[in-house]
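A.B. asks: Could you have a look at this structure, given as structure tokens, before my questions?
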Amino acid sequence: MTLWRDYFGLLPEEWHFTSDYYRIGTFGNTYEILMMTRDIISDGWLCPTLLVKAKRYGHPEILQLLTAKYEEEDNEYGLEVEWGRTISSDVVVPFTSHYIELINNTEREPRLGSAALLVHFIGFLAGTRLQFEGWALDSRVPIWSQCRDETRVFVPHRPKILEKAYHYWRGLSNKKRKALLSALYVHEKAYCETWEWERFLWEYFCFDALWNVFVNNNTARTKHPDRMRTFASHYGIPLEKTAISEIVKLRNELVHEALWDNRLLGHGDTTSLAINAPLNLRRLNKRLIAALILGHNKFSSSCWWTASSPVLSLGQI
Numbered sequence: 055m056t057l058w059r060d061y062f063g064l065l066p067e068e069w070h071f072t073s074d075y076y077r078i079g080t081f082g083n084t085y086e087i088l089m090m091t092r093d094i095i096s097d098g099w100l101c102p103t104l105l106v107k108a109k110r111y112g113h114p115e116i117l118q119l120l121t122a123k124y125e126e127e128d129n130e131y132g133l134e135v136e137w138g139r140t141i142s143s144d145v146v147v148p149f150t151s152h153y154i155e156l157i158n159n160t161e162r163e164p165r166l167g168s169a170a171l172l173v174h175f176i177g178f179l180a181g182t183r184l185q186f187e188g189w190a191l192d193s194r195v196p197i198w199s200q201c202r203d204e205t206r207v208f209v210p211h212r213p214k215i216l217e218k219a220y221h222y223w224r225g226l227s228n229k230k231r232k233a234l235l236s237a238l239y240v241h242e243k244a245y246c247e248t249w250e251w252e253r254f255l256w257e258y259f260c261f262d263a264l265w266n267v268f269v270n271n272n273t274a275r276t277k278h279p280d281r282m283r284t285f286a287s288h289y290g291i292p293l294e295k296t297a298i299s300e301i302v303k304l305r306n307e308l309v310h311e312a313l314w315d316n317r318l319l320g321h322g323d324t325t326s327l328a329i330n331a332p333l334n335l336r337r338l339n340k341r342l343i344a345a346l347i348l349g350h351n352k353f354s355s356s357c358w359w360t361a362s363s364p365v366l367s368l369g370q371i
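First residue of the sequence shown? That's 55 in our numbering, and the numbers climb one at a time after it.
Next up, the structure:
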């Protein structure tokens, strides 16, 4: 038996799943560390300073400007912590929270294969963003679920859904496997962005990747504006013509004219359309992902253009 083991985070929950193909669990004092982090950062986002090196190179005045709330070395957890509000691509998440083991592994790069599927799909189920140990920060990182109402429906069924996702992905062609991994990755990343147009763009990347998982010879020539209706109706996902038309309009303006709701990016007042469209597209993507894995289910067939009525049951899966 060839056992492959790696680590990932940050998942602020106790997860212990075992199957014939993989094992996933929490290790170390992760829970205590995450609780400490929550006390430090009240808004739920972890983000290192842009100039972490400032201290090393003798620029305390810069470090003082960029360091947000907390700086302590040799604390009780043995961590060196400098939290701020800006991004640096050469800074990694300082600790992980869970391990993943693949049983009878035959893949050369599991991080680009089945391990990636499991880690990113757990992120989908938990409503957060996850990555492997050593990942560089390209955006802020949530330290607890950012969509509890949307994801709590999965909680009683997580082990079963995860195994269904694993087998579904294994049954895809290599091209469709990559598309599904990309969809999950950008879906997790989207909510970590701060501007509405950035969130929308990443969610549209997610939709396009999901379409490439769904597409077949009968749907390959579907025109872009009709893809949402074709995809959703296939799985019994309800259609809301106005919401879909708004999403398509915003997408076309953003991609072809670099405008957001007919405004210059980063300028002008935020409209209700600009706020709601990224959220609507995110909720629709969640239902499309669930439908691909589970087929028809109560969650996917629920309303996605409002957050007022979260689904409490998946039904039979």
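Positions of the beta carbon are idealized from the N, C-alpha and C atoms, including for glycine.
Residues in its own chain within less than 7 angstroms of L293 by CB, not counting five upstream and five downstream?
C.D. replies: Your numbering for residue 293 matches position 239 in the sequence shown. Closer than 7 angstroms at the Cβ level, and outside the excluded window around L293, lie R283, A286, S287.
A.B. asks: Could you check whether P332 and F254 sit closer than 7 angstroms to each other, using their CB atoms as the reference points?
C.D. replies: For the purposes of this step, residue 254 is taken as residue 200 along the sequence shown, with counting starting at 1. For the purposes of this step, residue 332 is taken as residue 278 along the sequence shown, with counting starting at 1. Cβ atoms of F254 and P332: closer than 7 angstroms.
A.B. asks: Apply the 10 Å Cβ neighbour rule to I347 and answer buried if 16 or more other Cβ atoms are within range, or exposed otherwise.
C.D. replies: Taking the first residue of the sequence shown as position 1, residue 347 is located at position 293. The residue in question, I347, is buried, as its Cβ has 16 or more Cβ neighbours within 10 Å.
A.B. asks: How many angstroms separate the CA atom of I301 from the CA atom of C260?
C.D. replies: On the sequence shown, position 247 is the one that residue 301 refers to. On the sequence shown, position 206 is the one that residue 260 refers to. For I301 and C260, the distance between alpha carbons rounds to 13 angstroms.
A.B. asks: Buried or exposed for F353, going by 16 or more other Cβ atoms inside 10 Å?
C.D. replies: Mapped onto the sequence shown, residue 353 falls at position 299. The residue is buried, with at least 16 neighbouring Cβ atoms inside 10 Å.
A.B. asks: Can you give the Cα-Cα distance for L318 and Y245, rounded to whole angstroms?
C.D. replies: As a first step, residue 318 is located in the sequence shown; it is residue number 264 there, counting from the start. As a first step, residue 245 is located in the sequence shown; it is residue number 191 there, counting from the start. Spanning the two alpha carbons is a distance of roughly 21 angstroms.
A.B. asks: Among T205, G320, Y222, which residue has its Cα nearest to the Cα of E252?
C.D. replies: Here residue 252 is taken as the residue at index 198 of the sequence shown, counted from 1. Measuring from the Cα of E252, the nearest candidate turns out to be G320.
A.B. asks: For the alpha helix (DSSP H) containing G63, list its first residue and its last residue.
C.D. replies: Here the question's residue 63 lines up with position 9 in the sequence shown. No alpha helix (DSSP H) contains G63, which is instead part of the beta strand (DSSP E) from 58-63.
A.B. asks: With 16 as the cutoff for other CB atoms within 10 Å, does S356 come out buried or exposed?
C.D. replies: Against the sequence shown, residue 356 aligns to sequence position 302. Burial call: buried.
A.B. asks: Counting only the same chain and skipping the five closest in sequence on each side, list residues whose C-beta sits under 7 angstroms from that of R1.
C.D. replies: Within the shown structure, residues of the chain are numbered from 55 to 371, placing residue 1 beyond reach of any answer.
A.B. asks: If distances are taken between C-alpha atoms only, which option among L342, N330, K229, T150 comes closest to W189?
C.D. replies: Reading the sequence shown from its first residue, position 135 is the one you call residue 189. When each option's Cα is compared against that of W189, the closest is T150.
A.B. asks: Would you grab the beta carbon distance between A180 and D60 for me? Rounded to a whole angstrom, and I think it's under 8 angstroms.
C.D. replies: Here residue 180 refers to the residue found at position 126 of the sequence shown. Here residue 60 refers to the residue found at position 6 of the sequence shown. About 18 angstroms separates the beta carbon of A180 from that of D60, a gap too long to meet the 8 angstroms contact definition.
A.B. asks: Roughly how many whole angstroms lie between the Cα atoms of P164 and D74?
C.D. replies: As a position in the sequence shown, residue 164 is number 110, starting the count at 1. As a position in the sequence shown, residue 74 is number 20, starting the count at 1. If you take the alpha carbons of P164 and D74, they lie about 17 angstroms apart.
A.B. asks: Taking all protein chains shown into account, do 16 or more other C-beta atoms lie within 10 angstroms of the C-beta of Q275, making it buried, or fewer, making it exposed?
C.D. replies: Locating residue 275 in the sequence shown gives position 221, where the first residue counts as 1. One detail in the question is off: residue 275 reads as Arg in this sequence, not Gln. Exposed is the call here.
A.B. asks: Should A312 be labelled buried (16 or more other beta-carbon atoms within 10 Å of its own) or exposed?
C.D. replies: What you label residue 312 is simply residue 258 of the sequence shown in a count that begins at 1. Counting Cβ neighbours within 10 Å, A312 comes out exposed, since fewer than 16 surround it.
A.B. asks: Among residues of its own chain, excluding the 5 on either side of T56, which ones have a beta-carbon nearer than 8 angstroms to its beta-carbon?
C.D. replies: Sequence index remark: in the sequence shown, residue 56 carries index 2 (1-based). N158, N159, T160, listed in sequence order.
A.B. asks: Would F62 be called buried (16 or more neighbouring beta carbons within 10 Å of its own) or exposed?
C.D. replies: As a position in the sequence shown, residue 62 is number 8, starting the count at 1. When all chains shown are included, F62 counts as buried.
A.B. asks: If the criterion is Cβ atoms closer than 7 angstroms, does the pair W358 and L342 meet it?
C.D. replies: Residue mapping note: residue 358 aligns to position 304 of the sequence shown, counting from 1. Residue mapping note: residue 342 aligns to position 288 of the sequence shown, counting from 1. No, they are not a contact pair.
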